[in-house]
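The structure under discussion appears below in the form of structure tokens.
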Amino acid sequence: MIAVTGATGYMGSFLLPRLVARDEAVRCLVRPGTDAAALVRIGAEIARGDLEEPAAVAAALRDARVVLHLAHIRYAPAVLAGVGAGVERLVLVSSLRRFSRVADASVAAVTAGEDAVLASALPWVLVRPSMIYGPGDDRNISRLAARLRRRGTLPIPGSGRHLHQPVHVDDVVAGLLAAAEVQGIEGCSYALAGAAPLTYDELVDAVGAAIGVVPRKIHLPVWLVLWGLAIADWFGLEPGIGRSQVLRLQEEKEYSIAAAQGDLGYAPLAFAAGLARIYGE
Ligand SMILES: NC(=O)c1ccc[n+]([C@@H]2O[C@H](COP(=O)([O-])OP(=O)(O)OC[C@H]3O[C@@H](n4cnc5c(N)ncnc54)[C@H](OP(=O)(O)O)[C@@H]3O)[C@@H](O)[C@H]2O)c1
Numbered sequence: 048m049i050a051v052t053g054a055t056g057y058m059g060s061f062l063l064p065r066l067v068a069r070d071e072a073v074r075c076l077v078r079p080g081t082d083a084a085a086l087v088r089i090g091a092e093i094a095r096g097d098l099e100e101p102a103a104v105a106a107a108l109r110d111a112r113v114v115l116h117l118a119h120i121r122y123a124p125a126v127l128a129g130v131g132a133g134v135e136r137l138v139l140v141s142s143l144r145r146f147s148r149v150a151d152a153s154v155a156a157v158t159a160g161e162d163a164v165l166a167s168a169l170p171w172v173l174v175r176p177s178m179i180y181g182p183g184d185d186r187n188i189s190r191l192a193a194r195l196r197r198r199g200t201l202p203i204p205g206s207g208r209h210l211h212q213p214v215h216v217d218d219v220v221a222g223l224l225a226a227a228e229v230q231g232i233e234g235c236s237y238a239l240a241g242a243a244p245l246t247y248d249e250l251v252d253a254v255g256a257a258i259g260v261v262p263r264k265i266h267l268p269v270w271l272v273l274w275g276l277a278i279a280d281w282f283g284l285e286p287g288i289g290r291s292q293v294l295r296l297q298e299e300k301e302y303s304i305a306a307a308q309g310d311l312g313y314a315p316l317a318f319a320a321g322l323a324r325i326y327g328e
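The opening residue of the sequence shown carries number 48 in the working numbering; numbering runs sequentially from there.
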């Protein structure tokens with residue numbers, strides 16, 4: 048049996064149909080109150096429980112051969128404690144945010160979750176996606192596309208020349224499935240990023256090209272944006288972007304995917320090809 052956490056999330060909605068098509072039962076740990084109808088429809092078993100409740104986690108995971116932990120990596124300690132002695136593979140989804148130098152609570156939570164995994168003797172594999180995009184509301188590129196369609200103009204904090212390496216959700220799912228299956232990779236970690244990095248300006252232009260809009264990019268000095276955010280904060284306003292996000296935009300998010308290519312047969316799409324898969328339809 049394969050047990051999955053976070054199955055009702057964005058990644059889960061792409062992974063689960065592929066998982067249940069295989070010849071093994073799939074059980075999803077779903078919070079009480081979360082709609083699991085789509086999972087039931089495709090034939091997954093539902094175990095109700097919250098990752099904050101150790102007994103519910105153990106009941107859902109105890110007899111699993113493979114555990115895929117898609118919910119946030121901060122729940123790793125509960126998952127590691129909940130699996131049974133017969134578990135053969137535990138794939139945990141973390142994030143390349145792990146390597147951000149912008150110290151904030153989100154980075155600290157990822158680091159703490161990963162530290163618990165690294166200290167475990169269980170047969171774990173860690174996968175770290177970069178920014179994920181795909182069909183529907185990916186909460187990343189889809190929102191940028193919606194903004195460009197609505198306004199055409201995009202204020203960009205900083206030069207727009209820093210690197211990003213977004214990954215299509217289909218590639219993350221393929222990497223995750225391989226991480227669950229490939230033998231002899233216990234204790235390994237894999238960056239799951241796109242085929243190649245591109246600057247933020249190139250990223251915006253590529254999204255514009257995919258939806259038939261020529262973006263008007265307005266670069267703003269980082270100090271000015273941070274100053275504006277501080278003023279907004281003082282007035283109790285919520286500007287839709289946070290200080291950490293602004294600072295992370297200035298980081299080089301360029302990652303080696305060589306380990307995943309070598310061990311998992313990982314072959315991600317180039318960004319333009321990924322966009323064409325979504326917006327070219
Ligand atoms: N999206 C990205 O760009 C990105 C990038 C890098 C890494 N990641 C990582 O990839 C993983 C999947 O991302 P995603 O975008 O699919 O996430 P998501 O859409 O936010 O889904 C999160 C899932 O975790 C479940 N969950 C949250 N708290 C829970 C709890 N206390 N008990 C049980 N279940 C709980 C949610 O259940 P409910 O439906 O009940 O809320 C949902 O199924 C996450 O670990 C995320 O950190 C994502």
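We treat Cβ as the ideally placed atom computed from N, Cα and C, and that holds for glycine.
Per DSSP, what kind of secondary structure is residue i in: helix, strand or coil?
i: V140; result: strand
i: L298; result: According to the sequence provided, residue 298 is Glu. The question's Leu does not apply to it. Reduced to three states, the DSSP call for E298 is coil.
i: R74; result: strand
i: L117; result: coil
i: Y180; result: strand
i: A50; result: strand
i: R290; result: helix
Ordered along the chain, which non-local residues of its own chain (more than five positions away) have a Cβ less than 7 Å from that of residue i?
i: S147; result: V154, R295 and E298
i: V219; result: M58, P176, I179 and L239
i: A125; result: L98, P101 and V104
i: R290; result: L273 and L276
Would the C-beta of residue i count as close to ligand 1, meaning under 7 Å from any of its heavy atoms?
i: G59; result: yes
i: A105; result: no
i: S142; result: yes
i: G53; result: yes
i: T81; result: yes
i: P176; result: yes
i: E299; result: no
i: G56; result: yes
i: L296; result: no
i: I49; result: no
i: D151; result: no
Are the Cβ atoms of residue i and residue j separated by less than 8 Å?
i: G222; j: Y302; result: no
i: L108; j: V130; result: yes
i: P273; j: V254; result: Just to set this straight, residue 273 is Leu in the shown sequence, not Pro. Cβ distance not < 8 Å, so L273 and V254 don't count as in contact.
i: D217; j: F61; result: yes
In chain order, what residues of the same chain lie with their CB nearer than 6 Å to the CB of residue i, ignoring the 5 residues before and after it?
i: P244; result: L210, Q212 and E301
i: A94; result: R74, L76 and A107
i: P182; result: I325
i: R121; result: A156 and G160
i: G234; result: none
i: P202; result: I265 and L267
Is residue i close to ligand 2? I mean its beta-carbon at under 7 Å from any heavy atom of the ligand.
i: I304; result: Absence of ligand 2 is noted for the structure shown, with ligand 1 being the only ligands found.
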